[in-house]
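To keep things clear, I will list the structure first and then write my remarks on it.
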Amino acid sequence: MVRPLPWREPYGAAQLLASRWGRDGLVLLDTHPGCVDAPGRQQDGASRWSFLGVGPVRQLCCQSWPSWGPGFSASCAEADEDDPFTLLRQGLPERGSWTPASGPCPFMGGWMGWLSFEAGAWLERHPPWRRPDQPLLWAGLHDPLLCFDLLERQVFAVSHGFTGEGWERSTTLAARRQETLAHLWTAPAPPPAPEEEPEAVQGAWTWHTSAGEFARQVVQLKERIGAGDVFQANLSCCCEVTLPSPPDPLGLYGRLRQQSPAPFAGLVVHGEHALLSASPERFLRVGGDGWVETRPIKGTRPRHQDPGQDAALAVGLITSSKDRAENLMIVDLLRNDLGRVCRPGTIAVPTLAGLESYRQVHHLTSVVTGRLRADRDVVDLLRSAWPGGSVTGAPKVRSCQRLAELEPLPRGPYCGSLFRLGLDGSLDSNIIIRTVIQKGCRLRAHAGCGIVYDSDPAAETREMHLKMAPLLQVLEPAP
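Counting in this note's numbering, the sequence shown runs from 1 upward without gaps.
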């Protein structure tokens with residue numbers, strides 16, 4: 001059942017419904033039209049639709065950790081009821097049994113949430129995975145779901161009227177839920193709460209790796225690359241702050257989205273955990289027809305206020321042999337990841353190292369496509385491609401081993417994925433970068449960069465700081 005509602009901006013709608021329905025279980029998959037300047041880029045709807053759910057009717061949560069026994073064979077962990085990938089598959093109707101509601105939205109119901117980087121521990125034993133203190137998987141099934149068409153400025157409430165643990169649907173229950181939502185949507189808003197004093201959210205960030213140590217880690221990776229151990233590795237750094245009381249994740253996210261609008265942004269709140277993401281990178285998209293797309297980013301330059309200097313920085317990025325080589329390595333890795341589950345002959349690279357310009361950075365982005373085999377589904381694709389190649393390196397397993405030796409903390413949701421998984425087997429997901437991760441009073445921000453043989457340690461350190469800067473500003477008062 002689909003019901004149109006009066007127009008509201010997605011973030012304002014999230015604030016409204018959180019004040020009346022509660023924050024726990026809130027998911028906002030948020031995009032920003034016009035946030036990317038990419039000449040010739042085919043518009044695929046990535047910056048057209050946003051999705052919001054509050055008060056999920058069901059949840060998936062995996063906090064278990066694998067225990068590898070004897071007789072292990074690489075990349076074939078035994079399916080377990082607590083395996084996050086198995087949980088995702090169990091959360092979908094049997095293939096072919098689901099008839100989605102007809103409507104104008106590309107996502108008509110399903111799971112929204114995150115999958116953490118260390119979910120890879122269920123797929124491959126060899127990297128010394130460290131257990132994060134966030135769930136490996138959390139996702140909510142929201143009924144009703146709000147879909148925002150940012151191009152036409154329309155809002156649709158989608159409700160299936162789910163009645164229990166199965167997939168039975170009640171039109172009466174769907175209508176009742178939509179009526180409740182419509183009442184909350186149109187009722188007079190309460191007066192806005194007074195703005196928090198800046199002192200209430202300010203704190204001193206602690207770097208877990210100093211600039212000097214990060215540069216030394218770059219040198220160590222270059223030595224590994226020179227020895228033929230790896231070809232490329234995506235090294236990251238973490239900052240952390242503990243505040244006197246838990247900050248409002250909606251307020252923090254509002255500052256982040258204002259500073260860094262992005263096509264694959266989002267907010268998730270689950271208990272004391274929250275993800276505030278301004279990601280520019282798509283991980284995997286799968287349509288109902290089985291076509292797959294991934295958009296790896298490799299190559300970064302800062303923006304400049306002077307148009308001439310800004311253009312020169314963009315040209316320098318486009319013509320950089322180092323950045324193009326780095327991008328090509330990851331494209332080859334992802335071609336292999338997709339090739340394991342896609343039909344032979346369907347893997348293609350429509351765009352190689354194309355320029356995309358955001359508010360604060362220029363990036364090189366490639367596009368890799370393929371079509372799933374008839375005997376494979378979206379969960380098979382996730383298992384084949386996890387973790388994302390652009391945030392690990394090549395070869396993937398070996399680079400994960402080397403990164404685990406250098407990085408002092410588990411990544412958790414960072415470098416994982418924020419996703420929407422349709423009950424029809426469709427998927428759209430980001431790579432969780434440019435993201436603040438909250439647990440109660442603690443905030444963590446991560447940033448990283450790809451290291452290759454001709455990387456300059458000082459330049460890579462500057463790039464890491466460039467990416468980290470907007471995240472550290474979320475504690476500052478809004479301008």
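Beta carbons: idealized from backbone N, C-alpha and C, even for Gly.
Because the structure is a prediction, the values reported are computed rather than measured.
Cβ neighbours of L443 in the same chain (closer than 6 Å, five flanking residues each side left out): Excluding sequence neighbours, L443 sits near V241 and V436.
Taking the DSSP output, what are the residues bridged to Q476? The sequence given here places Glu at residue 476; Gln does not occur at that position. Its beta-bridge partners do not exist; DSSP assigns none.
Nearest to F107 by CA position, among G161, L88 and D428, is which residue? Put simply, of G161, L88 and D428 the residue whose alpha carbon is nearest the alpha carbon of F107 is D428.
T294, buried or exposed, once every other Cβ within 10 Å from all chains shown has been counted against 16: By the 10 Å Cβ count, T294 comes out buried.
Coarse secondary structure for F107, derived from DSSP in three states: Three-state DSSP puts F107 in coil, outside helix and strand.
Which of helix, strand or coil DSSP assigns to H446: In the structure shown, H446 sits in a strand (DSSP, three-state: E or B).
Whose CA, out of Y358, C35, G345 and W111, lies closest to the CA of V378? Of the candidates Y358, C35, G345 and W111, the residue whose Cα lies closest to the Cα of V378 is W111.
Coil, strand or helix - S435 by DSSP: Here residue 435 is Thr; the residue named in the question, Ser, does not match the sequence. In the three-state reduction of the DSSP assignment, T435 falls in the strand class.
Which partner residues of V155 appear in the DSSP bridge assignment? BP columns for V155 point to L5 and F148.
Closest to L355 by C-alpha separation, out of I347, W49, L364 and A348, would be which residue? Relative to the Cα of L355, the nearest Cα in the group I347, W49, L364 and A348 belongs to L364.
Where does H32 land, buried or exposed, given buried means 16+ other C-beta within 10 angstroms? Taking a 10 Å sphere around the C-beta of H32, we find 16 or more other C-beta atoms and assign the residue as buried.
Report the three-state DSSP secondary structure of E195 (helix, strand or coil). Because E195 sits at a pLDDT of 47, beneath the cut-off of 50, its placement in the model cannot be relied upon, and the following sentence gives the value as read from the coordinates. Collapsing the DSSP output to three states places E195 in coil.
Neighbour-count burial assignment, G140, 16 or more Cβ in a 10 Å radius: Result: buried.
My assumption, with CB atoms under 8 Å, is that V292 sits in contact with E124. Please give the rounded CB distance. About 21 Å separates the two Cβ atoms, so there is no contact after all.
Which residues mark the beginning and the end of the beta strand (DSSP E) in which Q59 is found? Here the beta strand (DSSP E) through Q59 covers R58 to C62.
State the Cα-Cα distance for the pair F156 and S170, rounded to the nearest angstrom. Spanning the two alpha carbons is a distance of roughly 19 Å.
Of the residues L471, Q305, R282 and P4, the one placed nearest S390, counting alpha carbons only: With distances taken between Cα atoms, S390 lies closest to R282.
Suppose you measure from the CA of E195 to the CA of G251; what does that come to, to the nearest Å? Note that E195 scores a pLDDT of 47, beneath 50, so its modelled location is shaky; the value from the coordinates is reported in the next line. Going from the Cα of E195 to the Cα of G251 covers about 10 Å.
Could you give the distance in angstroms between the alpha-carbon of C449 and the alpha-carbon of A469? Per the coordinates, the alpha-carbon of C449 lies some 14 Å from the alpha-carbon of A469.
Counting pairs of beta carbons, one from the region 405-413 and one from the region 209-221, are three or more of them closer than 8 Å? The region 405-413 vs the region 209-221: in contact.
Name the DSSP beta bridge partners of T206, please? Under DSSP, T206 takes part in a beta bridge, and its partners are E240.
Give the C-beta separation of L488 and G109 to the nearest angstrom, bearing in mind that I take them to be a contact with Cβ-Cβ under 8 Å. Any property of residue 488 remains undetermined from this structure, which presents the chain solely from 1 to 479.
Evaluate Q178 with the Cβ neighbour count: other Cβ atoms within 10 Å of its Cβ, from every protein chain shown; 16 or more gives buried, anything less gives exposed. Around the Cβ of Q178, a 10 Å sphere holds 16 or more other Cβ atoms; the residue is buried.
CA-CA distance, W185 and I330? Straight-line Cα distance between these residues: approximately 45 Å.
Using 8 Å for Cβ pairs, my map puts A119 next to G388. What's the rounded Cβ distance? Their Cβ separation, rounded to whole angstroms, is 11 Å, which puts A119 and G388 out of contact at 8 Å.
Closest residue to N234 among T461, W122, G425 and G91 (Cα-Cα distance): Across the set T461, W122, G425 and G91, the C-alpha of T461 shows the shortest separation from the C-alpha of N234.
Please tell me whether D30 and R257 are closer than 8 Å, where the distance is taken between their beta carbons. Judged by their CB atoms, D30 and R257 are nearer to each other than the 8 Å cut-off.
R371 - DSSP class collapsed to helix/strand/coil: The answer is strand: DSSP assigns R371 an E or B state.
Close Cβ partners of W129 (< 6 Å) along its chain, the five nearest in sequence each way excluded: E118 and A121.
Using the DSSP secondary-structure output, state which residues sit across from C342 in a beta bridge. Looking at the DSSP output, C342 shares a beta bridge with L372.
So V355 is in the beta strand (DSSP E); what residue range does that whole segment cover? Before going on, a small fix: residue 355 reads as Leu here, not Val. For L355, the enclosing beta strand (DSSP E) stretches over residues A348 to S357.
Taking just the CA atoms, how far does T300 sit from T86? About 36 Å.
Is it buried or exposed, P93, if we count other Cβ atoms within 10 angstroms and call 16 or more buried? Within 10 angstroms of the beta-carbon of P93 lie fewer than 16 other beta-carbons, which makes it exposed.
Please determine, among P280, G166 and V36, the residue with the shortest C-alpha to C-alpha distance to V57. Looking from the CA of V57, the closest CA among P280, G166 and V36 belongs to G166.
Taking the CB atoms as reference points, tell me whether D24 and V269 lie closer together than 8 Å. Yes.
Check whether the Cβ atoms of S277 and R434 sit closer than 8 Å, and answer yes or no. For S277 and R434, yes; Cβs fall inside 8 Å.
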